[in-house]
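In my numbering, the protein residues as written are 4 to 413.
Built from N, CA and C at the ideal position, the CB exists for glycine as well.
I have placed the structure first, in the form of structure tokens, so that the comments after it can refer back to it.
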Amino acid sequence: MADSSMGNESADQNQENPYLYRGRTRCSLEEDAKLEREHFWRIINVFKYYRIYVDERLKRCERQFLSLPRRHQQLLSGYLDKLAEIRRCMECNHKILQDIVQNCTHMFENMEYDEDKNKRRAGPSSTFDMDKLKSTIKQFVRDWSEAGKAERDSCYLPIVEEIQKQFPPEKCEVSEVKVLVPGAGLGRLAWEIANLGYACQGNEWSFFMLFSSNFVLNRCEKENALTLYPWIHQFSNNKMSGDQTRAVTFPDVNPNDLPPECDFSMTAGDFLEVYTDPDMWDCVATCFFIDTAHNVIEYIETIWNILKPGGIWINLGPLLYHFENMANELSIELTYEEMKEAIIKCGFVLEMERESVLTTYTENERSMLKYLYDCVFFVVRKPAVRHSSPENCKESELKDSDKKTEPSTT
Ligand SMILES: C[S@@+](CC[C@H](N)C(=O)[O-])C[C@H]1O[C@@H](n2cnc3c(N)ncnc32)[C@H](O)[C@@H]1O
4 MADSSMGNES ADQNQENPYL YRGRTRCSLE EDAKLEREHF WRIINVFKYY RIYVDERLKR
64 CERQFLSLPR RHQQLLSGYL DKLAEIRRCM ECNHKILQDI VQNCTHMFEN MEYDEDKNKR
124 RAGPSSTFDM DKLKSTIKQF VRDWSEAGKA ERDSCYLPIV EEIQKQFPPE KCEVSEVKVL
184 VPGAGLGRLA WEIANLGYAC QGNEWSFFML FSSNFVLNRC EKENALTLYP WIHQFSNNKM
244 SGDQTRAVTF PDVNPNDLPP ECDFSMTAGD FLEVYTDPDM WDCVATCFFI DTAHNVIEYI
304 ETIWNILKPG GIWINLGPLL YHFENMANEL SIELTYEEMK EAIIKCGFVL EMERESVLTT
364 YTENERSMLK YLYDCVFFVV RKPAVRHSSP ENCKESELKD SDKKTEPSTT
């Protein structure tokens, strides 16, 4: 359960590392800021509406149970007690969710959101948003619990080991190796990399993730002091009632326990919009990220552009295209084969490839239904010296006259 002092501690803004906010420019700056504010408050509302939403779900279960013939009810003597237990767990989740959004209006270094003067009551949220919130709760298990260790070992460890192999501490000054983790989720992979001494920045776009990573990274110090019940929303495929209501404590480590002078930061905003400065990063590490693109070629081009010559891109993940089934959204669903061809035509050199790395994603290990991802894992390098212009990357869109003045890269 949430430590009740958490909210008060968090009021001290000076103790927190604010996030840098850089949003996307869609229209006029004013209109853009207005849309951004609306979006911000909509997501806060989802966190507030959670309790009402789960309560309604439980009331429906109760009504349906009570509509059964008496003899059926008598066969299920523990059913209402189970629902009462789920409601108790939901209240604990609700308290943590309120702590997460407490003081969020000040969490960005260069963006202030007005206080909610009306102290609005939570209004209904869409099923889509509520699903995102439930996924965010499960993300705490993946990133910050002992229960998520096996999953992290399958997803993050190969990336971390590859970084250590490419930039060995005995051969380079790791604090000068700049690593970027786009789509950082709750920040554990970026944190692990920073914990090894590398200069690491995570980037994330979703407010669900940003509020939650800000909470865990900046306001949770005591190991396993907090408890969530991530599986209570799953009513199917449970073997035992206790499986649905089992607790998960977090954080399994103190997120503040980073080496002194450690260069670890998070930025908020769309990866494509935030990272436009060329030749900045020694390594870009993507985990379960590239399939979030409308058009993955844009991600490939951006990674190419921001990597220093000689820099590497490490990727691990599936190709579960996030926009595939969304009406009116661009979604280019490439096979791995097609994507690899595009990556190489862009100029990258493939240095390592494993086409079958089995992983899970926010898995409920007691569920009767589990998904297994058969991920690709690769390392590609932007050559230090290029022998020819990449065929299709942005740089090749230079006018002919510009091309002539470009220094030779051979
Ligand atoms: C499937 S999750 C993976 C999170 C984390 N890398 C992990 O392995 O647990 C993909 C993440 O990318 C974020 N994301 C999607 N599009 C993004 C964008 N354009 N810029 C930054 N983050 C983005 C999502 O909000 C989400 O947190």
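Check whether the Cβ of residue 209 sits closer than 6 Å to any heavy atom of ligand 1, and report yes or no.
-> yes
Report the rounded CA-to-CA distance for residue 163 versus residue 305, giving the unit in angstroms.
-> 22 Å
Is DSSP giving residue 151 helix, strand or coil here?
-> helix
Residue burial classification, residue 236 (beta-carbon count within 10 angstroms, cutoff 16) | buried
Can you have a look at residue 277 and say buried or exposed, based on whether 16 or more other CB atoms are within 10 angstroms of its CB?
-> buried
Hey, could you find the ends of the alpha helix (DSSP H) residue 368 is sitting in?
-> Unbroken run through residue 368: none, as it is neither H nor E.
Leaving aside the five residues before and after residue 361 along the sequence, list all residues of the same chain whose C-beta is less than 8 Å from its C-beta, in chain order.
-> 157, 375, 376, 377, 378
With DSSP collapsed to three states, give me the class of residue 280.
-> coil
Following the continuous alpha helix (DSSP H) through residue 170, name the residue where it begins and the one where it ends.
-> Note, residue 170: premise wrong, no alpha helix (DSSP H); not H, not E.
Outcome for residue 328 when other beta-carbon atoms lying within 10 angstroms are tallied against a minimum of 16 = exposed
Please go through the same chain and pick out, in chain order, the residues whose beta-carbon is closer than 6 Å to the beta-carbon of residue 143, but skip the five residues on each side of it.
-> 231, 253
Is DSSP giving residue 264 helix, strand or coil here?
-> coil
Using DSSP with H/G/I as helix, E/B as strand and the rest coil, what is residue 60?
-> helix
Thinking C-beta only, is residue 206 closer than 7 Å to residue 187?
-> yes
Mind checking whether the beta-carbon of residue 274 lies closer than 6 Å to any heavy atom of ligand 1?
-> yes
Residue 185 bridges to which residues according to DSSP?
-> 206
Out of 136, 110, 132, 66, which has the shortest C-alpha to C-alpha gap to residue 270?
-> 110
Flag this pair as yes or no: are the beta carbons of residue 286 and residue 319 separated by less than 7 Å?
-> no
Simplified DSSP assignment, three categories, for residue 44 = helix
contact_flag[the region 260-274, the region 161-175] where n(CB pairs < 8 Å) is 3 or more | no
Only counting runs of 3 or more residues, tell me where the beta strand (DSSP E) segments fall wholly within the region 274-331, in order along the chain.
-> 284-290, 310-320
Any heavy atom of ligand 1 closer than 6 Å to the Cβ of residue 270?
-> no
Whole-angstrom distance between residue 272 and residue 25, CA atom to CA atom = A caution first: residue 25 carries a pLDDT of 48, below 50, which makes its placement in the model too unreliable to give a value.
Taking three-plus beta-carbon pairs below 8 Å as touching, is the region 93-113 in contact with the region 190-207?
-> no
Whose CA, out of 99, 344, 343, 316, lies closest to the CA of residue 181?
-> 316
Kindly identify the DSSP beta-bridge partner or partners of residue 353.
-> 383
Is it buried or exposed for residue 282, if we count other Cβ within 10 angstroms and need 16 for buried?
-> exposed
Element boundaries [alpha helix (DSSP H), containing residue 104] = 82-104
Residue 415 by DSSP, collapsed to three states: which one?
-> Here the chain comprises residues numbered 4 to 413, so residue 415 is not present and cannot be evaluated.
Decide if residue 238 is buried, meaning its Cβ has at least 16 other Cβ atoms within 10 Å, or exposed.
-> exposed
For ligand 1, any of its heavy atoms closer than 6 Å to the Cβ of residue 292?
-> yes
Does ligand 1 have even one heavy atom less than 6 Å from the beta-carbon of residue 230?
-> no
So, helix, strand or coil for residue 33, using DSSP?
-> helix
For ligand 1, any of its heavy atoms closer than 6 Å to the Cβ of residue 186?
-> yes
Secondary structure at residue 256, three-state DSSP: helix, strand or coil?
-> coil
Return the CA-CA distance between residue 84 and residue 321, expressed in angstroms with no decimal places.
-> 40 Å
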